[in-house]
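2 protein chains.
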Amino acid sequence: MPLVVVGSVALDSVETPTHGKRDDVLGGSAVFFSYTASFFTSVRLAGVIGEDWPPQHLKMLQERSIDTAGLQVIPGGKTFRWSGRYLTNMNDRETLSLNLNVMAQFDPVLPEHYRKCKYLFLANGATEIQLRVIDQCPGVQLIVADTMDHWIINDRENVLKMLKRIDGLVLNDSEAKLLTGDENLVRAGRSVLKFGPRFVVVKKGEHGAMFFSEHETYVLPAFPTCQVVDPTGAGDCFAGGMMGYLAEQGNFEPKTLKAAMAYGTVVASFCVEDFSLDRLQQIDRASIERRMTEYRQMLTF
Amino acid sequence: MPLVVVGSVALDSVETPTHGKRDDVLGGSAVFFSYTASFFTSVRLAGVIGEDWPPQHLKMLQERSIDTAGLQVIPGGKTFRWSGRYLTNMNDRETLSLNLNVMAQFDPVLPEHYRKCKYLFLANGATEIQLRVIDQCPGVQLIVADTMDHWIINDRENVLKMLKRIDGLVLNDSEAKLLTGDENLVRAGRSVLKFGPRFVVVKKGEHGAMFFSEHETYVLPAFPTCQVVDPTGAGDCFAGGMMGYLAEQGNFEPKTLKAAMAYGTVVASFCVEDFSLDRLQQIDRASIERRMTEYRQMLTF
Chain D
1 MPLVVVGSVA LDSVETPTHG KRDDVLGGSA VFFSYTASFF TSVRLAGVIG EDWPPQHLKM
61 LQERSIDTAG LQVIPGGKTF RWSGRYLTNM NDRETLSLNL NVMAQFDPVL PEHYRKCKYL
121 FLANGATEIQ LRVIDQCPGV QLIVADTMDH WIINDRENVL KMLKRIDGLV LNDSEAKLLT
181 GDENLVRAGR SVLKFGPRFV VVKKGEHGAM FFSEHETYVL PAFPTCQVVD PTGAGDCFAG
241 GMMGYLAEQG NFEPKTLKAA MAYGTVVASF CVEDFSLDRL QQIDRASIER RMTEYRQMLT
301 F
Chain Y
1 MPLVVVGSVA LDSVETPTHG KRDDVLGGSA VFFSYTASFF TSVRLAGVIG EDWPPQHLKM
61 LQERSIDTAG LQVIPGGKTF RWSGRYLTNM NDRETLSLNL NVMAQFDPVL PEHYRKCKYL
121 FLANGATEIQ LRVIDQCPGV QLIVADTMDH WIINDRENVL KMLKRIDGLV LNDSEAKLLT
181 GDENLVRAGR SVLKFGPRFV VVKKGEHGAM FFSEHETYVL PAFPTCQVVD PTGAGDCFAG
241 GMMGYLAEQG NFEPKTLKAA MAYGTVVASF CVEDFSLDRL QQIDRASIER RMTEYRQMLT
301 F
């Protein structure tokens, strides 16, 4: 089943403690998401870029059969830019600069064939925009959204409105604590359910991810990799693997959701092994399946 | 198979952010370890106490069939005391006071029947003492030790000496990084193997534990519990469950080791649900097996 994603398309500059620095590499939540979801299903990407966006990125996405009809180009505009630095532990980072540029005026108008999709992912972005996208997709079967501290703190009202309209929420551990005011992550995850979504996924970075629904609570660890170069986009890749697998399977039963969590975990473990999409561009679905087998074995006792 | 543990016996005072404070409750690495290992096998405890140690604690341990022949009582001495405060996240804590008392002169002389044991656990304590215990057990089949930052920083020479004489090492994530100077936990865990032990277990608190041997690297998540009252002793309970299961099975093959890691995880999850041994005193082996079944299901997809 085709899958729609709306989110940021960016040029990132990343400093790491052990692997140097990269400037203006391809990034953005919708890009990481689309790329990884495209291992599983056809993806329709909606976002906004400036005229400065290198044409080879567009070509690369299209070669992955990612539909870019929903990618608006703003004449004379500049693409969203983020730059950040990872601290020694590789889990914490600081934002050095953030230029919204064309993202500041982003108001997605989805192409007609996007609106008919049954699976929708709202990557991290302004909550108001996420709500407007939901309005455009009345026939959707599964809506999953990401959010972040900025919106929880500064636009809580809209976040709560959105939570009533989505099926699943994906967020970080610190964001789950912030949203619920509960320091116990298990209770925090369960509390988010009260705001509306039928399931909640709490991402814990190098420590894996937790899943919460009315009847289930579980944790899956991250796949251990000794090659951690750049964690940027790992959370979006997790979501891309998860949603891609759900769309491929065409259902979101509890059993499918758990396997989807595992696929998301495995896909994210590739992402961190190099900058930008570099490592992901070296792998195929078979690589994912091999690591899935290892991951399954790891958790069997 | 009987299992010997040498380590601290303490009276702890614990402050928590949400569940108040408890003074002078039963604690100490060897106590948490013994209690949890005794769900699986017969345990022989070696440690030291002062005359102030409440007699009901001894009775309670003996009722669990824990052999206390190796528990020295120092006439006129005072029992080791630790007091600490947990921060809001319940994962970090600060030590408020530490009085070694009788532990300062602890020089274990193991009873004859202890020395014939095949399974030995050296709970956290002075590395020199750990080495002296190893000398007393020439016929032992499996030696696993715990250590901590204090010894890694201040007695590195002895720690390295000990690592050559043990089969397995259990330590925290921050300690593994400290010992190896590597911030990547997967690489750090593998590097510890080069110092001598055949396997290494890195405990990550609420995030679970990692296992490293020449041929295997894996992570098991913590069992998610929404009732986290007091994490004191959870690491020792993990080790107690792990070693207890190994001793019960009478082997330490890779497959047994992985199941032992899972038992350790499950047992530790009970420990944190109340102060001291309070929660553990409410459960039995069947409770552990039920949670093991849940844990296995959680990791099956």
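First to last, the sequence lines map onto chains D and Y.
With our numbering, the residue at position 99 of the first sequence is 99, and numbering never jumps.
With our numbering, the residue at position 284 of the second sequence is 284, and numbering never jumps.
Beta carbons: idealized from backbone N, C-alpha and C, even for Gly.
Model, not experiment: these values are computed from the prediction.
Buried or exposed for Arg-156 (chain Y), going by 16 or more other Cβ atoms inside 10 Å? Arg-156 (chain Y) sits exposed, since fewer than 16 C-beta atoms from the chains shown fall within 10 Å of its C-beta.
Reduced DSSP secondary structure (H/G/I, E/B, other) of Gly-244 (chain D): The answer is helix: DSSP assigns Gly-244 (chain D) an H, G or I state.
Extract the residue ranges of the beta strand (DSSP E) inside the stretch 150 to 211 of chain D, only unbroken runs of 3 or more that lie entirely within it. Within the stretch 150 to 211 of chain D, the complete beta strand (DSSP E) runs of at least 3 residues are 168 to 172, 199 to 203.
Rounded to a whole number of angstroms, what is the C-alpha to C-alpha distance between Ile-74 (chain Y) and Phe-106 (chain Y)? Roughly 9 Å separates the two Cα atoms.
If the criterion is Cβ atoms closer than 8 Å, does the pair Asp-149 (chain Y) and Leu-178 (chain Y) meet it? Yes. Within cutoff.
Near Arg-296 (chain Y), which residues of its chain fall below 8 Å by C-beta distance, leaving aside the five closest residues on each side in sequence? Cβ neighbours of Arg-296 (chain Y) beyond the five flanking positions: Ala-262.
In three-state DSSP terms, what is Gly-264 (chain Y)? In the three-state scheme derived from DSSP, where H, G and I count as helix and E and B as strand, Gly-264 (chain Y) is classed as helix.
Rank Y:Ile-66, Y:Thr-88, Y:Pro-2, Y:Phe-40 by C-alpha distance to the C-alpha of Asp-230 (chain Y) and give the top, closest one. It is Y:Thr-88 whose Cα lies nearest to the Cα of Asp-230 (chain Y).
For Pro-221 (chain Y), go through chain D and note every residue whose CB falls closer than 7 Å to its CB, in chain order. The contacting residues are Gly-208, Val-219, Leu-220, Pro-221.
Would you call the stretch 12 to 20 of chain D in contact with the stretch 219 to 236 of chain D, where contact means no fewer than 3 C-beta pairs closer than 8 Å? Verdict: yes, contact present.
Gly-27 (chain Y) - DSSP class collapsed to helix/strand/coil: Three-state result, Gly-27 (chain Y): strand.
Residues from the stretch 61 to 94 of chain Y in contact with chain D, defined by Cβ distance under 9 Å: So the list reads Thr-88, Asn-89, Met-90, given in the order they occur along the chain.
Taking C-alpha atoms, which residue in D:Ile-166, D:Phe-223, D:Glu-175 lies nearest to Gly-196 (chain D)? For the set D:Ile-166, D:Phe-223, D:Glu-175, the Cα lying nearest the Cα of Gly-196 (chain D) is the one of D:Ile-166.
Going along the chain, which residues of the stretch 164 to 184 of chain D sit with their C-beta nearer than 8 Å to a C-beta in chain Y? In summary, the residues of the stretch 164 to 184 of chain D whose CB is separated from some CB of chain Y by less than 8 Å are Glu-183, Asn-184, in the order they occur in the chain.
For a cutoff of 8 Å on Cβ pairs, would you count Lys-21 (chain Y) as touching chain D? In terms of beta-carbon proximity, Lys-21 (chain Y) stays away from the interface with chain D, with every pair separated by 8 Å or more.
Name the one or two DSSP bridge partners that Gln-72 (chain Y) has. According to DSSP, Gln-72 (chain Y) bridges with Y:Val-48.
Would you mind reading off the limits of the alpha helix (DSSP H) that contains Leu-61 (chain D)? For Leu-61 (chain D), the uninterrupted alpha helix (DSSP H) run begins and ends at 55 to 63, by DSSP.
In DSSP terms, what Val-43 (chain D) is bridged to: Partner(s): D:Leu-3.
Quick check on Asn-101 (chain D): does DSSP put it in helix, strand or coil? Look at Asn-101 (chain D) here: in three-state DSSP terms it is helix.
In chain order, what residues of the same chain have a beta carbon less than 6 Å from the beta carbon of Phe-211 (chain D), not counting five sequence neighbours either side? Closer than 6 Å at the Cβ level, and outside the excluded window around Phe-211 (chain D), lie Val-201, Tyr-218, Met-261.
For Pro-254 (chain D), count the other beta carbons within 10 Å of its own beta carbon; 16 or more makes it buried, fewer makes it exposed. Which is it? Result: exposed.
Three-state class that DSSP yields for Ser-8 (chain Y) in the structure shown: Ser-8 (chain Y) falls in the coil class under three-state DSSP.
Own chain, CB closer than 6 Å to Arg-115 (chain D), minus 5 neighbours either side, in chain order: Closer than 6 Å at the Cβ level, and outside the excluded window around Arg-115 (chain D), lie Gln-136, Cys-137.
Sequence-distant residues of its chain with Cβ nearer than 7 Å to Leu-100 (chain Y) (five each side left out): Counting only residues of its own chain and dropping the five nearest sequence neighbours on each side, Leu-100 (chain Y) has a CB closer than 7 Å to the CB of Phe-80.
Short-range partners of chain D found in the stretch 267 to 299 of chain Y, where Cβ spacing is below 7 Å: Correct list: Met-298, Leu-299.
Spell out the partners DSSP gives Glu-273 (chain Y) in its beta bridges. Glu-273 (chain Y) is not bridged to any residue.
Under 7 Å, CB to CB, which of the residues in the stretch 235 to 261 of chain Y have a partner in chain D? Per Cβ criterion, the list reads Lys-258, Ala-259.
I believe Gly-50 (chain Y) touches Gly-28 (chain Y) by the beta-carbon criterion, under 8 Å. Please report the beta-carbon distance rounded to the nearest angstrom. The C-beta distance from Gly-50 (chain Y) to Gly-28 (chain Y) rounds to 12 Å, too long to fall under 8 Å, and the pair is not in contact.
Residues sharing a beta bridge with Phe-121 (chain Y), DSSP: Bridge partners of Phe-121 (chain Y) according to DSSP: Y:Val-5, Y:Val-144.
Considering only residues of the same chain and omitting the five flanking positions on each side of Leu-110 (chain D), which have a CB-CB separation below 8 Å? So the qualifying residues of the chain are Val-4, Val-6, Ala-46, Gly-70, Val-133, Gln-136, Cys-137.
Option nearest Ser-34 (chain Y) by Cα separation, candidates Y:Arg-22, Y:His-19, Y:Glu-63: Each of Y:Arg-22, Y:His-19, Y:Glu-63 was checked against the Cα of Ser-34 (chain Y), and the nearest Cα belongs to Y:Glu-63.
Return no unless some Cβ of chain D is closer than 8 Å to the Cβ of Phe-40 (chain Y). No Cβ of chain D is located within less than 8 Å of the beta carbon of Phe-40 (chain Y).
Can you tell which of Y:Ala-247, Y:Ser-83, Y:Leu-26, Y:Pro-224 has the C-alpha that lies nearest to the C-alpha of Gly-189 (chain D)? When each option's Cα is compared against that of Gly-189 (chain D), the closest is Y:Pro-224.
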